[in-house]
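Down below is the structure, laid out as structure tokens.
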Amino acid sequence: MAESGVTDGLCNTDDIERSKTEGKELTKEEKQRLRKEKKQQKKNKEKNDEKTSHEGEKKKNKKKKEEQPAGSASQPPAQPSPKAVPAPAPPPPAAAAVPVPASEAPAPADKPAKSKADLKAERRARQEAERASKGKKGDVGQPAPTGKLKAPPSELQPVVKRLPEHVQVDNPEVVKKLAKKLERQQIPLRSDYGYKVSLFSHLHQYSRKAPLTQQLGIPSTVIHPAIVRLGLQYSQGIVAGSNARSVALLHAFQQVIRDYTTPPNEELSRDLVNKLKPYISFLNQCRPLSASMGNAIKYIKKEISNIPSQCKEEEAKIKLLNCIERYINEKIVLAAKAIAKYSIEKISDGDVILVYGCSSLVNHILCEAFEKKRKFRVIVVDSRPRLEGREALRRLVQKGISCTYVLISAVSYILPEVSKVFLGAHALLANGYVMSRVGTSQIALVAKAFNVPVLVCCETYKFCERVQTDSFVSNELDDPDDLIVTRKGKTQLEHWQKVPSLGLLNLVYDVTPPDFVDLVITDLGMIPCTSVPVVLRVKNVDQ
Amino acid sequence: MELQAVLMAAGGGSRMPDLTYNTPKPMLPVGNKPLMWHPLNLLERVGFEEVIVITTKEVQKMMSTDPKMKDVKMKLDVVCIQEDGDMGTADALRHIQQKIKTDVLVVSCDLITDVALHEVVDLFRAHNATLAMLMSKAHDFTETVPGQKGKKKTGEQRDFVGVDQSGKRLLFMANEADLEDGLSIRKSIMRKHPRMHIKTGLVDAHLYCLKKAVVDFLADNKSISSIRGELLPYLVRKQFSKTTNCPKSKDDADDQTQKTADGSTNSTELLICSRDEPLLQLAQERSCWNDHRGDMSEAYHGGKLRCYVHIMDQGLCYRVNTLAAYIEANRLASKLLEEPAVHPSAVISERCQMGPDSIIGAQCQVADKTSIKRSTIGNSTTVKEKVKVTNSIIMHGVTIEEGCNIHGCVICSNAVIGRGADLKYCLVGNGQQIEAEGKHRLVSRF
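Chains as they are written, first to last, in numbering that gives the first Met the number 0: chain A, 0 to 542; chain B, 0 to 445.
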């Protein structure tokens with residue numbers, strides 16, 4: 000594992016290694032000593048680094064090896080501290096969290112740098128001269144020199160936000176790093192498929208016909224079978240929808256925890272988290288994680304790390320399983336009930352409600368309202384290629400609600416009849432933007448033009464700290480072959496790959512600005528879109 | 000652990016008695032490797048580390064002495080059963096029920112295929128299926144079968160396989176022998192799957208992924224003795240039966256009062272249905288996916304028992320249970336194996352003409368002026384001068400004297416072909432001797 004790899008690199012821990020090989024359990028003091036020594040080593044290395052490089056050329060070189068935060072040029076003071084620098088650390092699956100100086104410093108990266116110090120010094124001087132002549136470059140690759148000078152005291156800098164790797168697919172270094180990380184975790188790398196439209200070439204695009212399980216061994220030993228099954232279900236779309244994905248994820252984690260046994264000389268609180276990391280990478284490869292899944296994973300990891308070390312394994316496992324049950328119950332099931340209660344106040348008799356796609360929450364609300372004997376009718380708007388509206392239509396009609404079904408191209412014709420629009424959300428971003436299925440912003444825009452109120456229903460566990468103002472920066476590209484349709488025996492787009500100037504784009508998400516959203520109904524109440532950061536702050540304080 | 004592999008190698012080879020009367024079917028050489036090596040190789044390539052092999056004592060003895068079986072790096076857990084042939088495949092599974100701890104992948108020893116196994120297992124995993132199997136489009140065998148005069152009519156009963164629109168879900172399976180008065184399909188199936196494709200030209204590869212609950216079910220129902228003949232049609236039928244589809248408490252009570260006699264079977268039948276835990280149910284409810292559209296029912300029509308099939312249309316898939324299949328498999332074996340066609344220890348003289356699709360075994364001696372085309376020659380075989388061997392299968396330890404002409408034959412181990420013999424489409428048994436200057440056409444010699 001990474002931690003033991005680091006210990007091997009830092010050869011000051013001979014006695015600890017000896018005790019490990021002898022099979023003695025490391026006592027608490029030894030573990031603390033180990034940690035202190037690691038920190039000391041790192042500090043020594045940094046000191047050496049700074050001695051040999053005035054401007055921290057090494058860090059520049061290291062940075063060139065690692066991915067560059069795209070927006071970091073504008074934050075030179077916040078340049079990654081030396082601790083953060085040698086820590087590419089498995090980039091967080093969810094976009095929000097960020098690696099604080101990770102303890103898994105890749106010691107090998109430091110060592111060759113040190114030994115070629117003299118060559119580096121010369122190169123440094125040359126580069127300094129060049130840069131001084133060219134002036135400060137504002138581009139992605141070059142960190143400003145001022146940042147370096149601030150580097151030494153910046154160990155106490157606040158957490159730096161880095162771009163997640165899944166939006167940097169066109170940067171070969173990032174891809175290489177990801178490949179290395181996956182290799183370390185023994186997970187196959189899924190290759191991109193087909194020509195990507197240039198605006199979205201920074202995102203992954205996979206084909207459903209090439210599942211990740213092709214490259215895995217059949218009785219999967221590296222990855223727990225429940226996780227393999229889950230990954231397959233994600234990539235084939237059998238489990239789709241934010242809530243469903245989170246619930247399925249937590250269910251799979253429950254099975255992993257049930258089958259888990261702590262290896263000797265390890266603590267459950269640390270080892271289990273490390274065991275979950277490759278699973279999360281695997282699921283990420285199958286289908287990029289959603290914001291709700293990211294929050295669920297954060298919660299689980301926190302709960303696991305908070306297990307006291309003197310807790311017995313069985314108790315700990317039961318505790319974790321209960322935590323998961325409670326999380327699902329509170330954040331999903333009860334939240335849905337609360338949201339339904341609030342929404343029913345907003346539905347009056349004679350309403351014509353427009354819904355888009357298949358949101359499990361909105362369907363739940365409508366079914367509850369119908370049971371509470373409200374009289375309304377529903378217009379279901381649908382769009383290709385997913386055509387999820389059909390499933391929403393089926394569920395509503397099965398309950399007995401009278402529905403109309405249109406495609407999104409007819410939305411401006413049908414809006415004069417509509418009295419309210421209910422939309423579901425995949426995530427609510429910190430600046431009030433709503434990330435939802437592609438087409439939602441369209442509906443919100445047209446509804447605004449017709450002065451029809453737009454209500455977004457979203458549980459609080461889907462709130463995420465990311466900020467986005469457009470749908471390009473971070474999105475998901477689905478299989479482009481889904482756009483191919485066969486009508487009357489003819490498939491026009493069958494050989495789309497052979498046409499060099501043709502690209503198929505199948506976006507999954509888009510963001511709706513808060514100006515178009517009139518109300519967000521959450522389990523905490525009905526709030527305006529701009530109050531999302533408040534909720535996030537309150538949540539963080541709670542935790 | 001996800002899947003346990005079980006290799007069924009106790010079959011008798013009843014459809015090719017000429018070859019199997021001396022050598023048991025699992026040890027017949029195909030491409031100079033024992034027949035059961037091929038499925039074991041497939042499992043090994045895919046990543047299995049352990050296989051439970053159900054076989055007879057005779058085969059186990061032969062396995063331990065065969066050098067090719069030593070190549071298999073997996074751990075083989077050999078379970079011996081009686082050779083009397085009364086034990087069907089399902090009986091064998093019942094026999095090893097104690098060893099089965101997870102879902103099981105049953106493979107037959109006579110399967111030679113290059114299928115991407117993940118296709119079958121993915122169906123099993125993704126849909127939480129009770130059964131996933133492999134089938135392939137049948138290829139006609141065009142080579143003349145030695146020892147048989149005239150083309151043998153396919154007197155075999157056809158299998159009718161019904162799949163749904165997507166071609167993955169198995170809706171109907173019956174053999175012609177069971178359908179005396181025509182093929183009847185239940186209305187409930189037609190209501191749920193209005194478009195059904197019924198195929199007859201499919202070869203069942205006898206590769207099944209079964210849930211552990213099925214093995215437990217077998218342990219309780221001792222009347223089922225064959226997987227292919229009885230268990231599979233039962234499971235396929237059970238997908239649409241009423242008891243599996245309405246497991247509500249009221250119906251349970253009714254069913255149980257009515258079927259008190261089959262009380263035990265009732266409870267184990269329900270066990271087969273993948274009893275989803277409540278969280279999985281919740282996830283499925285919240286998911287906006289359905290496997291069909293057009294009617295009001297949820298995904299899978301609420302059915303808990305699901306059977307899936309993967310139909311290969313490209314690639315090799317042969318079941319070596321007839322002579323024709325055996326010959327075809329040998330022909331194609333060179334494509335499957337990664338080893339060089341000519342074994343390094345074979346002594347081949349320079350003036351020998353060898354075609355590219357011939358396989359020469361270890362320690363062979365091939366003399367001058369011979370011509371070997373499209374043939375497989377086993378270990379320790381001696382081929383003298385001026386011999387012409389085409390389209391044939393020569394097994395181990397055979398001696399072919401000078402001037403022979405062998406075309407389209409199968410010559411079993413330790414046979415001796417006298418000088419100048421001319422054999423076309425003949426089948427020579429173990430240890431037989433063909434006299435010099437003999438001329439034979441379409442003869443079986445034992």
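For every residue, glycine included, the Cβ atom is placed at its ideal position computed from N, Cα and C. Please read these numbers as outputs of a predicted model, since none were measured by experiment.
Cβ-based burial, residue i [other Cβ within 10 Å; buried from 16]
i: Asp250 of chain B; result: Caution applies to Asp250 of chain B, whose pLDDT of 42 falls short of 50 and renders its modelled position unreliable; the model cannot decide the point.
i: Asn378 of chain B; result: buried
i: Ala128 of chain A; result: exposed
i: Asp514 of chain A; result: exposed
i: Pro87 of chain A; result: With a pLDDT of only 40 at Pro87 of chain A, under 50, the local geometry of the prediction cannot be trusted, and no value is derived from it.
i: Ala4 of chain B; result: buried
i: Leu244 of chain A; result: Contrary to the premise, residue 244 of chain A reads as Arg rather than Leu in this sequence. By the neighbour-count rule (16 or more Cβ atoms within 10 Å), Arg244 of chain A is buried.
i: Pro218 of chain A; result: buried
i: His406 of chain B; result: buried
i: Lys316 of chain A; result: buried
i: Arg446 of chain B; result: Outside the modelled stretch of chain B, which goes from 0 to 445, sits residue 446 of chain B, for which no answer is possible.
i: Lys46 of chain A; result: exposed
i: Glu387 of chain A; result: buried
i: Tyr424 of chain B; result: buried
i: Glu464 of chain A; result: buried
i: Ile400 of chain A; result: buried
i: Val84 of chain A; result: Here Val84 of chain A scores only 39 on pLDDT, less than 50, and its place in the model is too uncertain to base an answer on.
i: Tyr543 of chain A; result: Given a span of 0 to 542 for chain A in the structure shown, any question on residue 543 of chain A remains unanswerable.
Where the alpha helix (DSSP H) containing residue i begins and where it ends
i: Asn624 of chain A; result: The displayed coordinates of chain A run from 0 to 542. Any statement about residue 624 of chain A would go beyond what the structure contains.
i: Phe446 of chain B; result: Within the shown structure, residues of chain B are numbered from 0 to 445, placing residue 446 of chain B beyond reach of any answer.
i: Thr19 of chain B; result: 16 to 19
i: Asp121 of chain B; result: 116 to 125
i: Thr260 of chain A; result: Where Thr260 of chain A is concerned, there is no enclosing alpha helix (DSSP H), given that its DSSP letter is neither H nor E.
i: Asn321 of chain A; result: 312 to 327
For residue i, the first and last residue of its enclosing beta strand (DSSP E)
i: Cys402 of chain A; result: 402 to 406
i: Thr88 of chain B; result: Unbroken run through Thr88 of chain B is the alpha helix (DSSP H), 88 to 94; no beta strand (DSSP E).
i: Tyr355 of chain A; result: 350 to 355
i: Lys198 of chain B; result: 196 to 198
i: Arg376 of chain A; result: 375 to 381
i: Val168 of chain A; result: Note, Val168 of chain A: premise wrong, no beta strand (DSSP E); not H, not E.
i: Asp270 of chain A; result: Not the beta strand (DSSP E): Asp270 of chain A falls in the alpha helix (DSSP H), residues 267 to 285.
Residue i: CB within 7 Å of a non-hydrogen atom of the ligand SAM
i: Ile237 of chain A; result: The ligand SAM is not part of this structure, which contains no ligands at all.
Which residues of the segment 112 to 124 of chain B have a Cβ closer than 8 Å to any Cβ of chain A? Give them in chain order. Residues passing the 8 Å Cβ filter: Ala115, Leu116, His117, Val120, Asp121, Arg124.
Between the segment 424 to 434 of chain A and the segment 391 to 409 of chain A, do at least 3 Cβ pairs fall closer than 8 Å? no
Quick check for students: name the residue ranges of the alpha helix (DSSP H) that lie wholly in the segment 174 to 241 of chain A, counting only runs of 4 or more. Fully enclosed alpha helix (DSSP H) runs of 4 or longer: 224 to 235.
Where the segment 277 to 292 of chain B meets chain A: residues whose CB sits under 7 Å from a CB there: Under the 7 Å Cβ criterion, the segment 277 to 292 of chain B contributes Leu278, Leu279, Leu281, Ala282, Arg285, Ser286, Cys287, Trp288, Asn289, Arg292.
Members of the segment 181 to 215 of chain A near chain B, C-beta cut-off 8 Å: Pro210, Thr212, Gln213, Leu215
Along the segment 420 to 440 of chain A, where does the CB come closer than 7 Å to a CB of chain D? Name the residues. Here the protein chains are A and B, and chain D is not one of them.
Beta carbons nearer than 7 Å to chain A: which residues of the segment 46 to 61 of chain B have them? Gly46, Phe47
Count the CB pairs spanning the segment 226 to 245 of chain B and the segment 168 to 188 of chain B that are closer than 8 Å, and state whether there are at least three. yes
Below 8 Å, how does it come out for the segment 504 to 523 of chain A and the segment 471 to 489 of chain A: are there three or more Cβ pairs, yes or no? yes
Check whether the segment 247 to 261 of chain A and the segment 373 to 393 of chain A are in contact - that is, three or more C-beta pairs closer than 8 Å. no
Is it the case that the segment 312 to 325 of chain B contacts the segment 107 to 126 of chain B, given that we only count it when at least three CB pairs across the two stretches are under 8 Å? Judged by pairs of C-beta atoms under 8 Å, the segment 107 to 126 of chain B touches the segment 312 to 325 of chain B, as three or more such pairs exist.
Along the segment 352 to 370 of chain A, what residues have a CB closer than 7 Å to any CB found in chain B? Cys357, Ser359
Selection of the segment 218 to 241 of chain A by Cβ proximity to chain B, strictly under 7 Å: Pro218, Ser219, Pro224, Val227, Arg228, Leu231, Gln232, Gln235, Gly236, Ile237, Val238, Ala239, Gly240
Under 8 Å, with one C-beta from each stretch per pair, do the segment 339 to 350 of chain A and the segment 282 to 297 of chain A reach the 3-pair mark? no
Should the segment 367 to 375 of chain B be regarded as contacting the segment 337 to 355 of chain B, the criterion being three or more beta carbon pairs within less than 8 Å? yes
The segment 27 to 34 of chain B contacting the segment 529 to 536 of chain A, beta-carbon criterion three pairs below 8 Å: In short, these stretches do not touch, since the Cβ pair count stays below three.
Run through the segment 411 to 450 of chain A for me and flag every whole alpha helix (DSSP H) of 4 or more residues, listed as ranges in chain order. 439 to 448
Can you check the segment 472 to 537 of chain A for any beta strand (DSSP E) of at least 3 residues that lies completely inside it and give the ranges in chain order? Those beta strand (DSSP E) runs which fall completely within the segment 472 to 537 of chain A and span 3+ residues are 508 to 511, 518 to 521, 524 to 526.
Contacting positions in the segment 375 to 394 of chain A - beta carbon closer than 8 Å to chain B: Glu387, Arg389, Glu390, Ala391, Arg393
Contact the segment 205 to 214 of chain A vs the segment 180 to 197 of chain A: 3+ CB pairs below 8 Å: yes
Validate contact between the segment 136 to 146 of chain B and the segment 341 to 348 of chain B using beta carbons, cut 8 Å, 3 pairs: no
Along the segment 403 to 421 of chain A, what residues have a CB closer than 8 Å to any CB found in chain B? none
Contact residues within the segment 313 to 330 of chain A, judged by C-beta distance below 9 Å to chain B: Cβ contacts with chain B come from Ile323, Glu324, Ile327.
Alpha helix (DSSP H) segments (min. 4 residues) lying fully within the segment 293 to 371 of chain B: The segment 293 to 371 of chain B contains, as complete alpha helix (DSSP H) runs of 4+ residues, the segments 322 to 335 (chain order).
Interfacial residues, the segment 127 to 143 of chain B to chain A, with Cβ spacing under 8 Å: Asn127
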